[in-house]
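Residue numbers (the working numbering): -9 to 185.
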């Protein structure tokens, strides 16, 4: 995939003037597994999107343990640490697989959002999707038991179940790693999947 096709097809920016203003300043960066691209409290200099791989966003709880807030595993997922995305990050963004990211300077992104309707529409769509997902997650965490949470996770993030550390998934679902390990074994056994 080329940068131009990523911008047009994955991000959905088809306004040619916007595309042409993004291409000269866009970068593709390789990120190693476990590498952090944005730390809690840091103000981002670039607006980044997932090209390939997977990330998790997390914050430190009052006890000092990290709490997984979100996963980004689909091309085009925004890798942002706060809303608004140019504010100091409220979460840390860490690669959970070897990954690649697409990014543009934050000032370029902000200028496009302010002056180009197509960029504003992309911004609004991504904010809407983020708000909906976070509301869905809050509802899941409040209303389901551990087995239901795990089944939801597998249906929502099937690409993460096999190789993401269990503790990250457990933290995201607000269950203990021991409970999640037992639940995962039971669910897999019921489906005839080797444990």
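Each residue gets a CB set at the ideal place from its N, CA and C atoms; glycine is no exception.
One or two residues paired with residue 31 in a DSSP bridge: The partner list for residue 31 (beta bridge, DSSP) is empty, contrary to what the question assumes.
How many whole angstroms separate the CB atoms of residue 86 and residue 146, which I take to be in contact at a CB cut-off of 8 Å? Between residue 146 and residue 86 the Cβ distance is about 16 Å, and since that is not below 8 Å, they are no contact.
Under 9 Å between C-beta atoms of residue 43 and residue 21: yes
For residue 175 versus residue 156, is the C-beta spacing smaller than 9 Å? no
Kindly provide the ranges of any alpha helix (DSSP H) runs that are 4 or more residues long and lie completely inside the stretch 60 to 120, ordered along the chain. 96 to 105
Distance, Cα to Cα, residue 107 vs residue 116? 14 Å
Who are the near neighbours of residue 162 in its chain, counting only those whose CB is closer than 6 Å to its CB and skipping five residues on each side? 58
Indicate the three-state DSSP secondary structure (helix, strand or coil) for residue 171 in the structure shown. helix
Considering only the alpha carbon of each residue, which of 169, 153, 48 lies closest to residue 88? 153
Identity of the residues DSSP links to residue 56 by a beta bridge: 50
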